[in-house]
Structures are given as C-alpha cells and as structure tokens.
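S.K.: There's a structure below that I have some questions on.
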Amino acid sequence: MRSFDEIEDHIDQLSVDHQSDLTNAAQKLLQLGEETLENWIFARGQTPTNETREGFRLLALHRQGARGEPSFNACRETCRELVYHYNLMAECNDEIQNARALKMGCLVAKHLCLFVSGKSQAEELGEFCCSSKPLRSNGN
Amino acid sequence: MPEPKKYKRVAYYPGCALEGTGHAYNRSTKAVGKALGLKLDEVKNWNCCGAMEVKNIDPKLQTYLSSRVLSIAANQMNHKVVMAPCNGCYHNLKKAEYDLTHDPDSRKVVKKLSDKAGHQTYEAGQAETIHALDWIKEAIGEERLKSLITNSLSGLKVANYYGCMYTRPRHIFPEKDQGPGSESTSQPHFMDDLLAVAGAENVNFPLKTACCGGAHTLSDSDTSTKLVLNILRAAEFAGADVIATECPTCHSGLEMHQIRAEKKFGEKTNVNIMYFTQLLGLALGLKPRKLGIHENISDSMQMMIEKRILP
C-alpha cells in the first residue's frame, strides 16, 4: 500500500501523463482513491473491505471508515464525486470531455487524499469529523 | 413548504466571525436584507455559539452556549426564527436543537447552567434556526427576487462553495432532503438558485461541499493551504471567475490561503472570492462599498468592471 505522499504524487502524474490512455487512467484514479481510504482504515486498526457498494469498492471503503460516532461524513461527497468522474470517463467516448473529466477527477482525488491524510496525521483537529477521534484514541 | 411570512422578520445571530474577519458578510447580509424589505433584529447580548474550540473540550457546554442564544431570541425577544449566516453558528445552533430534542443529559446540563446564569431555559422547538440562504430563498422566493434584479450578473461564471458544515451531519437538518423545493445535503443548491436568478452562470463544481481545511489552519497550515489551493484550482478549471461563499471561516480561509499558496508553494491562482450576499447585492443595484467589497482581501473590483457588472 502506498503512503499518502506517494498517492498524492501519483495523482499529480496521472493528471499530466495519462491523457492518451483515458480508460486506464479512470481505473487508476479510482484505485488511488481506494488506497487513500485503505490507509485510513488500516490506521483505525481494521482490514479494508473488498466488498462493493453501488458497484464500487471506494464507496464500501468510505462506509466502513465512517461507521460509528461521531459521523460527520465530510468526505462522503468527495468519494461520490470521484465515482461520478470515473463513470463519466467510462461511459463517454468523447476524448475532449474525458480528458476534462480526468483532470477534474484528479483534483477530486487529491482533495480526498489531502483531507484524509490531514485528519490522520495532525492532532487536535477536533472531533467534528468521523474518524479523527478513534484514530487518536488508539494512540495512532 | 415553510410559510414565507415568518421569515420576513427574524432574530439575527451574526456570531463572532461576522464582527471580525467576516465583517463584509455582516455588512452585505444587512444591506441585502434591507434592499429586500426584510427585518433583522439582532439577538441581544449574544454569546459565542461554542464554535469548534468549546465543542472539542466539552460538547454539552457548547450545547448550552448555543441554547442561550436561542433562549434570548425565543424568550426575551419573542422570535420564532433565528437566522445565522455563519456555517459554524448555524451548525451549532442546529446541533443544540437536535441534542435538546434527543438527549436527556443535554437537557439536564442546559437546565442547570441556564438556572445558574439566571435566564429561562431554552426548550427544543421554541425557535427554528435558518441560514442566510434559507432566509432569502424562503422569505423572498426566486420569482420575487427576479423582479428586483436591476443589475444582472450575466456573463459572470460562479463556483458556489458551501463548505462542509452547511449540510453535515445530515441528521441535524431534518428539513433538508425533503424533495422538490427543499435543500439537498449531498448537492446543495440554494446559493446556485439565488445567483442564477441574479443572472450568474453557475459552473459544475464538484468540491462544493468539500472541507476548506478550516480546522487545520492553526495546527497544520500547510494542509489547509493545500486543501484551499485544490479548491481554487478546481474552481478555475471549472471555468469560474469567482467563488461564491456563504461562510466567514471558509471565505477568509480561501482568501488567506490563496495568498499563502503563492508565497509558500509558488502556486498562483486568479479566481476571485466573494460572499454570495455581495454578489446578490450588486445584482440588486447596491454600491460595492455598502456591501463591504473593499474589505475583501481578494480584489474583485477589476473583474467586476471587466464583466460590466460595475461601471
């Protein structure tokens, strides 16, 4: 599993390098989102699920990570936007539209990575969000 | 559907930020309200809602602090509706309402502290808390608003940014997700609706409810800057001229970290940042100074002139 920093770098590269292979890029984008959430779930002492929700493992992972209290769900919509951008690329044959979707999808994936890494690494952020509290309570 | 009449005159809870960094939001909210014929009665002797700081240390104390504001509005001022334009205040007042409805321990603590402070205890259901977006949308409505627009925002591309607290957690906003006409927690649209009526073109902005990093600002400024930079880039990539905000914390975070991103990471972005009330005020023909546009860090005057929204 790659670290948050490595995931961030890969997202940046994907945004620039894969414009010619958009089908693969869409899959990679989704996978980077999943890896972000895997880091979060491992940090909580759990094993990331291989199940899917609405056809996507990313959404099942988010559901797994956000379970319990307090449940603010601040990255729920970011995950759903990532799936939406994946779907745009998977379903549309227009290369220009797909290239735009990839670029915006990368910004969405990056936000997810920055947000999850931020709440996982920095202490004293408060209990407003779903899972910083369990992380710190476990001494991670 | 709520009754529009009850929103025409409301108790106004500006909260701490609107007396400091969010002063332009305070000013533009009042100016727009006046232009629309709406009345704001500021909550007397209001206190901090408990914000993030108190909530982290003692959540029930935060519930009490928010309940005191509601108590003054309901019991001393006889108001049934409290309008809070700040997302943090709005969220905390809604959370207090939820806790007082569902948690007997919270009721006990609030009663004890209210007695000690010497004021009447707030009882759940005495007042309804609304945001500035609800206030304008419900009290005026889109058709009436359209008839009052004298300076269309036509040609202006807007990314509407709601931040994370306006819709979360979902269970404290029972009036949302109630079908047509109600606000959505996953795809909020009230700000989009109002600015579209004012003539603006709303761009598709996937980070409209993403975190601005406000809670990281002091403990980890770099994370905040990166989160904001990402929001600014996404708005630019979406084609926006301006990001419309409805929260003073998000607004000042976007403005300050836009500058910090350039200084610290050499990353310059050009998208402007304005409160939705400032944009609406311009569309209603109000002067920029009345709307506190000169108080913004992000200088949008030139852009407004180029877009022919200002002469």
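Protein chains in written order, with my numbering: chain R, 70 to 209; chain S, 322 to 632.
All residues carry an ideal CB built from backbone N, CA and C; glycine is no exception.
#1: For S:M622, count neighbouring C-beta atoms within 10 Å of its own C-beta (all shown protein chains included) and say buried if the count is 16 or more, exposed if not.
#2: Residues of chain R with CB under 7 Å from S:F558, in chain order?
#3: Under 8 Å, with one C-beta from each stretch per pair, do the stretch 494 to 502 of chain S and the stretch 149 to 163 of chain R reach the 3-pair mark?
#4: Please compile the residues from chain S whose C-beta is within a distance smaller than 7 Å of the C-beta of R:L99.
#5: Between the Cα of S:C571 and the Cα atoms of S:D562, S:K584, S:K529, S:N591, which residue gives the shortest distance?
#6: Decide if S:D420 is buried, meaning its Cβ has at least 16 other Cβ atoms within 10 Å, or exposed.
#7: Given a limit of 9 Å on CB to CB distance, which residues of the stretch 346 to 371 of chain S reach chain R?
#8: For R:M70, I'd like the list of residues in its chain whose CB is within less than 8 Å of its CB, leaving aside the five on either flank, ordered along the chain.
#9: Tell me which residues of the stretch 133 to 154 of chain R have at least one Cβ-Cβ distance to chain S shorter than 9 Å, keeping chain order.
#10: If we ignore side chains and look at the alpha-carbon of each, how far apart do S:S468 and S:V524 end up?
#11: For R:E75, is the classification buried or exposed, using 16 other Cβ atoms within 10 angstroms of its Cβ as the cut-off for buried?
#12: What span of residues does the alpha helix (DSSP H) with S:Y411 cover, start to end?
#13: Taking 8 Å as the threshold (beta carbon to beta carbon), is R:L91 in contact with chain S?
#14: From the DSSP output, in three-state form, read off S:E363 for me.
#15: Given S:M595, which residues of its chain have a CB within under 8 Å of its CB, disregarding the five upstream and five downstream residues?
#16: Can you tell me where the alpha helix (DSSP H) with R:N93 in it begins and where it stops?
#17: Closer than 7 Å, Cβ to any Cβ of chain R: which residues of the stretch 498 to 515 of chain S, in chain order?
#18: Just checking my contact of S:C407 with S:G484 at CB under 8 Å: how many whole Å lie between their CB atoms?
#19: Considering only residues of the same chain and omitting the five flanking positions on each side of S:K432, which have a CB-CB separation below 6 Å?
#20: Within 10 angstroms of its Cβ, does R:S72 collect 16 or more other Cβ (buried), or is it exposed?
#21: So which of S:E464, S:S387, S:N551 has the shortest CA-CA distance to S:L414?
#22: Can you give me the C-alpha to C-alpha distance between R:H79 and R:G187, rounded to a whole angstrom?
#23: Between S:V592, S:N591, S:P569, S:T546, which has its C-alpha nearest S:G581's C-alpha?
#24: Which residue wins for smallest C-alpha separation from S:A329, given the options S:K401, S:A460, S:C369?
#25: What are the boundary residues of the beta strand (DSSP E) that includes S:T546?
#26: Within 8 Å, do at least three Cβ pairs link the stretch 438 to 458 of chain S to the stretch 389 to 405 of chain S?
#27: Flag this pair as yes or no: are the beta carbons of R:Q133 and R:T118 separated by less than 8 Å?
#28: Find out if the Cβ-Cβ distance for the pair S:S507, R:E146 is shorter than 8 Å.
#29: Could you tell me the distance, in whole angstroms, from the CA atom of S:G462 to the CA atom of R:D86?
#30: Just to confirm my understanding: we take S:N396, look at its own chain, exclude 5 residues before and 5 after, and list those with CB closer than 8 Å. What are they?
#31: Please state if the CB of S:C370 and the CB of S:G409 are separated by a distance shorter than 8 Å.
#32: Nearest-angstrom Cα distance between R:L127 and S:L575?
#33: Would you say S:P490 faces chain R, with C-beta separation under 8 Å as the test?
#34: Where does S:G535 land, buried or exposed, given buried means 16+ other C-beta within 10 angstroms?
#35: So is S:I552 buried or exposed if we call it buried at 16+ other beta carbons inside 10 Å?
#36: The beta strand (DSSP E) with S:R650 in it runs from where to where?
M.R.: Looking at the coordinates:
#1: Burial check for S:M622: the Cβ neighbour count within 10 Å stays below 16, so the residue is exposed.
#2: Chain R residues near S:F558: K172, M173, L176.
#3: Taking 8 Å as the limit for Cβ pairs, the verdict is that the stretch 149 to 163 of chain R does not touch the stretch 494 to 502 of chain S.
#4: What R:L99 touches in chain S: nothing, since even the nearest Cβ is about 15 Å away.
#5: Nearest neighbour of S:C571 by Cα position, chosen from S:D562, S:K584, S:K529, S:N591, turns out to be S:K529.
#6: Label assigned to S:D420: buried.
#7: Those residues of the stretch 346 to 371 of chain S that come within reach of chain R (Cβ to Cβ, closer than 9 Å) do not exist; the list is empty.
#8: Around R:M70: E104, E107, N108, F111.
#9: Those would be P139, S140, F141, N142, A143, C144, R145, E146, T147, R149, E150, L151, Y153, H154, in chain order.
#10: Roughly 24 Å between the two C-alpha positions.
#11: So R:E75 counts as exposed.
#12: Per DSSP, S:Y411 belongs to the alpha helix (DSSP H) from 408 to 423.
#13: Cβ-Cβ to chain S under 8 Å: no for R:L91.
#14: Note: S:E363 maps to strand in three-state DSSP.
#15: Once the five neighbours on either side are set aside, the close Cβ partners of S:M595 are V563, I564, A565, T566, I614, N617, S619, S621.
#16: DSSP places R:N93 inside the alpha helix (DSSP H), whose first and last residues are 91 to 112.
#17: Against chain R - using a Cβ distance shorter than 7 Å - the residues of the stretch 498 to 515 of chain S are S507.
#18: Actually they are not in contact, since the Cβ atoms of S:C407 and S:G484 sit about 10 Å apart, beyond 8 Å.
#19: Shown here for S:K432: same chain residues with a beta carbon closer than 6 Å to its own, the five before and five after excluded, namely T442 in chain order.
#20: R:S72 comes out exposed.
#21: The closest CA to that of S:L414, considering only S:E464, S:S387, S:N551, is found on S:S387.
#22: Each residue's alpha carbon lies about 18 Å from the other.
#23: Reading off the sequence shown, one finds Arg at residue 581 of chain S, where the question assumed Gly. Ranking the options by Cα distance to S:R581, first place goes to S:T546.
#24: According to the sequence provided, residue 329 of chain S is Lys. The question's Ala does not apply to it. The residue with the shortest Cα to Cα distance from S:K329 is S:A460.
#25: Taken as a continuous stretch (DSSP letters only), S:T546 belongs to no beta strand (DSSP E), being part of the alpha helix (DSSP H) at 542 to 558.
#26: Short answer: they touch.
#27: The beta carbons of R:Q133 and R:T118 sit closer together than 8 Å.
#28: Yes.
#29: Take the alpha-carbon of S:G462 and the one of R:D86: they are about 47 Å apart.
#30: Excluding residues within five positions, the ones whose Cβ falls inside 8 Å are H440, Q441, Y443, Q447.
#31: The answer is yes: Cβ separation under 8 Å.
#32: Answer to the nearest angstrom: the Cα atoms are 28 Å apart.
#33: By this cut-off, S:P490 is an interface position.
#34: Flag for S:G535 reads buried.
#35: Buried, since its Cβ has 16 or more Cβ neighbours within 10 Å.
#36: Outside the shown range of chain S (322 to 632) lies residue 650 of chain S, about which nothing can therefore be said.
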